[in-house]
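Numbering (my numbering), first residue to last: 1224 to 1473. Glycine residues also receive a C-beta, built at the ideal position from the N, C-alpha and C atoms. For clarity, every value in this text was computed on a predicted model and none was experimentally measured. Input: a single structure, listed below in structure tokens.
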């Protein structure tokens, strides 16, 4: 198998002009299979002698050895490329790697915040500061309603009915729904509106604005969240999307 591997690597280097890093990865992947089969058979294998069953056994042993699924998928990609080349060059009659399938991608568990972490986050803004009062109102509104960030920044003053303890949410396709507001959210919104200090506000004015008085953007909410996650010593992987689902579970 080694002469065929060297021929394949030469093809990649000269005709495909792949990088030295890529060549190294292909060599390691292919030599791994060659060494595995040599140990199993007691002699170096020829490329033509390798069967789909050999490759299935090799992949199975990689799984048992604890290799990551991404590493196994990469090795299978190297084997497929090698055997396609070998078949095209007449080194093998058929491609034994063709029937093999990549391992299914492992689903990552969603990241959620605990109740204690949520509490630490809500304590991070300084509500005696104008922007801190705004940020606390944003977090408390998200906590109460489970609103999407795009929906949150689209809310106007008239959408919040504090006496009724509800907020009107405009979703996708101009759909509207009402979400309940808890007492802490109501208090935080009232405090923020008092801190705005802009005189009389119109019902169509955005409820959450930036320092210049313009409607807040979704990116600004993301940056705000990153700041308070760092201040509270919380996981920086948390995004407004995962935060929304974390709030919804409590």
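Taking the alpha-carbon positions, what's the residue i to residue j distance?
i            : j            : result
residue 1451 : residue 1391 : 26 Å
residue 1235 : residue 1287 : 31 Å
residue 1316 : residue 1301 : 18 Å
residue 1271 : residue 1314 : 7 Å
residue 1291 : residue 1346 : 39 Å
residue 1355 : residue 1348 : 5 Å
residue 1244 : residue 1298 : 15 Å
residue 1229 : residue 1284 : 25 Å
Let me know the secondary structure DSSP gives residue i once reduced to three states.
i            : result
residue 1430 : coil
residue 1254 : helix
residue 1384 : strand
residue 1166 : With the chain covering only 1224 through 1473, there is no way to say anything about residue 1166.
residue 1309 : helix
residue 1239 : coil
residue 1376 : helix
Report the residue from the options whose alpha carbon sits nearest the alpha carbon of residue i.
i            : options                   : result
residue 1463 : 1403, 1376, 1310 and 1381 : 1376
residue 1439 : 1374, 1272 and 1276       : 1374
residue 1364 : 1435, 1403 and 1233       : 1403
residue 1409 : 1357, 1425 and 1429       : 1357
What are the boundary residues of the beta strand (DSSP E) that includes residue i?
i            : result
residue 1315 : Note, residue 1315: premise wrong, no beta strand (DSSP E); not H, not E.
residue 1399 : 1399-1403
residue 1271 : Note, residue 1271: premise wrong, no beta strand (DSSP E); not H, not E.
For residue i, does the count of other Cβ atoms within 10 angstroms reach 16, so buried, or fall short, so exposed?
i            : result
residue 1367 : buried
residue 1240 : exposed
residue 1332 : Residue placement at residue 1332 cannot be trusted, given a pLDDT of 48 that sits under 50; the coordinates are not used to answer.
Which residues mark the beginning and the end of the alpha helix (DSSP H) in which residue i is found?
i            : result
residue 1446 : 1441-1454
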